[in-house]
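Worksheet for the structure shown next.
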Amino acid sequence: MLRANDYDTPFAPGTLIYHNGVYADHVGFLVLDNVEGGTMKVYDTVEQEEVWFVRSECFFIDAIQYRSLRKRIAKEVEIGRAMSEAEKRLAPLFFGEFGEHDNV
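This is the structure in structure tokens:
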């Protein structure tokens, strides 16, 4: 994966993007690359909406990586949507703020 922030020139719309965020990962197609502002507008193909991301948290990926990441992220979103509000409140006890603990 190539980090978007390593390039000073804007990339073309339609480029496959993986956003590695603190709380959630996203995958989609580049809509607008705002190099000067340090942001990227991406169409998230799992959530089916346009979102803005910090450029330093984005990676350019190929079609194989896209399919693999999209499948994982879609499954995580599906699980999250199926959770009750009580389960969502308890989830940080098991997974913490930054991911799964070794002792779970």
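Mapped onto this note's numbering, the consecutive letters of the sequence shown carry residue numbers 51 to 154. The beta carbon of each residue, even a glycine, is placed where N, CA and C say it ideally should be.
Extent of the continuous alpha helix (DSSP H) to which residue i belongs
i: Ile-129; result: 113 to 132
Residue closest to residue i, alpha-carbon to alpha-carbon, out of the options
i: Pro-60; options: Tyr-73, Tyr-68, Val-127 and Gly-87; result: Gly-87
i: Arg-105; options: Val-96, Thr-65, Ser-134 and Asp-83; result: Asp-83
i: Val-67; options: Leu-52, Asp-58, Asp-56 and Ala-74; result: Sequence check: residue 67 is Ile here, not Val. The candidate whose alpha carbon is nearest that of Ile-67 is Leu-52.
i: Glu-107; options: His-69, Asp-56, Thr-65 and Tyr-93; result: His-69
i: Val-77; options: Ala-62, Tyr-57, Phe-110 and Val-85; result: Phe-110
One or two residues paired with residue i in a DSSP bridge
i: Gly-75; result: Just to set this straight, residue 75 is Asp in the shown sequence, not Gly. Asp-75 pairs with Asn-70.
i: Leu-140; result: In DSSP, Leu-140 forms no bridge with anything.
Span of the beta strand (DSSP E), counted from its first residue to its last, around residue i
i: Tyr-57; result: Per DSSP, Tyr-57 belongs to no beta strand (DSSP E) and is neither H nor E.
i: Thr-89; result: 89 to 94
i: Glu-100; result: 99 to 104
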